[in-house]
Amino acid sequence: MKTLIGAVLFGACVLTANAQDELVRLKMQTRVDYQREYIDGKAIHDNSGFKGKYLMLSIDGKIDKHFSYAYRQRLNVGHSDMSFFDATDWAKLVYSPDGRWEFAAGKDVVAVGGYEYDKNPVDVYAASEYWNNISPFQLAATVSYTPPDGRNKLMAQCSQSIYRANAPDMYAYNLMWVGNNGCLGTMYSANLVEYMPGKYISYLALGHKLTLGRLCLEADFMNRASSGHTFLFKDCSIMAELAYRPIDKLNVLGKVTYDVNRTGKAADCSVFDGTELTSVSGGVEFYPLSNIRLHAMYAYTFGKNSNQDGTMKPGRDFMSIGLMWNVNLLKLKNPWKKDDN
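Anchor point for the sequence shown: position 19 equals 148 in this note's numbering, and the numbering is continuous, going up by one each time.
As structure tokens, this is what we get:
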């Protein structure tokens, strides 16, 4: 651990010393929970007790006026001897020639629509069966364009498949639109994802975020269909979260997720055929300081899950209380940068 942090700090100093821009940021996010899980009233001790949920180190900055970089590592996640990238969320280089076009390469988030999918995992307490069964961080090449109004962003991406655990040499082809128009935000995508060599499943993911004062509603719909089929609503996930902040330090949350697959096909590796699951959850967040958060939540899941190894079990009661904090470890400006004058 000391070696990793020392290497990152040294790297940050070197990058800063050679950068033509001014800023490098290094921060750490940590979340620790005490949780209890029960299936049909029986305690699941392996998933109960104190848990170190997340320990994430991130660094980002600019190399010059056109090149920037971003890196995030999960220090609480193991990795194989072959690839340190197993525990890396992203490590990418971005080239922006004019402020509108961007070209990115490296490990990145696979461009799939929806606000549940897009959330920092440290902010997720209860999630859909789909969310629990994918690997969203993969090596990718991305081209994006921001129109002059600055309210929309269009992306085209080729990445490794989010089902790469099935076979390593598989890919995904992704188109995405991110919009921010006043009180309404949108995250839409169309995706073609290889789930077995030469076999594809398509996504249509529609994410919406409505903000009205202290009230915020996020509503996502994802439809999935295997090659040669046009299933609508037979294989899909619906996620809706309502948040109300009565005061700045307090946030009250309620969430419902619904996953179903009635296709009779084995193409969906995230929500298995024969599954129909609903999860209802609620909780509160309290911020004694802006970078410290306490939470308490409860979730109940019912229905049927055909995936025997799935996270969301019918008759599941899940409770969690915990603490999250953000620490800005380093923020440096280039001391050798000279003014143009």
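Think of the CB as a built atom: it goes at the ideal place given N, C-alpha and C, for glycine as much as any other residue.
In this structure, S290 sits away from N303, with a CB-CB distance that is not shorter than 8 Å.
For V251, the three-state secondary structure derived from DSSP is helix.
Runs of the beta strand (DSSP E) lying entirely within the region 288–354 and spanning at least 3 residues, in chain order: 300–310, 313–325, 328–341. Assignment of beta-bridge partners to I367 by DSSP yields F350, Y387. Straight through space, the alpha carbons of D193 and E370 are spaced by roughly 40 Å. Cβ-Cβ separation between V385 and T404: approximately 16 Å, too far for a contact (criterion under 8 Å). In terms of Cβ geometry, V409 and A425 do not form a close pair [threshold 8 Å]. Distance check between N261 and each of M448, F401, A269 places F401 closest, using alpha-carbon atoms only.
Residue Y332 holds the alpha-carbon nearest to the alpha-carbon of F360 among L204, Y332, Y259. Judged by DSSP secondary structure, N457 falls within the beta strand (DSSP E) whose first and last residues are 445–462. A256 carries a coil assignment under DSSP once its states are collapsed to helix, strand and coil.
Distance check between Y416 and each of K394, A296, W454, V253 places W454 closest, using alpha-carbon atoms only.
Rounded to whole angstroms, F362 and N352 show a C-alpha spacing of 6 Å. The C-alpha of L186 is placed about 19 Å away from the C-alpha of G451.
Cβ atoms of T217 and Y183 stay farther apart than 8 Å, at about 14 Å. When beta bridges are read from the DSSP output, G178 appears opposite Q164. Taking every protein chain shown into account, the CB of D349 has 16 or more other CB atoms within 10 angstroms, so this residue is buried. Assignment of A396 by DSSP, reduced to helix, strand and coil, places it in the coil class. Inter-segment contact for the region 225–238 and the region 263–272 is present: three or more beta-carbon pairs are separated by less than 8 Å. Q164 sits away from F431, with the two beta carbons spaced by 8 Å or more.
Under the three-state reduction of DSSP, N261 is assigned to helix. Contact between G190 and N205 does not hold, since the beta-carbon distance rounds to 24 Å and is not under 8 Å. The straight-line gap separating the alpha-carbon atoms of Y324 and C398 is approximately 7 Å. Exclusion of the five residues before and after P276 leaves no residue of its chain whose Cβ lies closer than 6 Å to its Cβ. Per DSSP, the unbroken beta strand (DSSP E) holding T271 starts and ends at 266–274. V413 counts as exposed, since fewer than 16 other C-beta atoms from the protein chains shown sit within 10 angstroms of its C-beta. Excluding residues up to 5 positions away in sequence, Y244, G314, E347 lie with their Cβ nearer than 6 Å to the Cβ of K338 in the same chain. When the Cα atoms are used, R280 and N309 turn out to be separated by approximately 5 Å.
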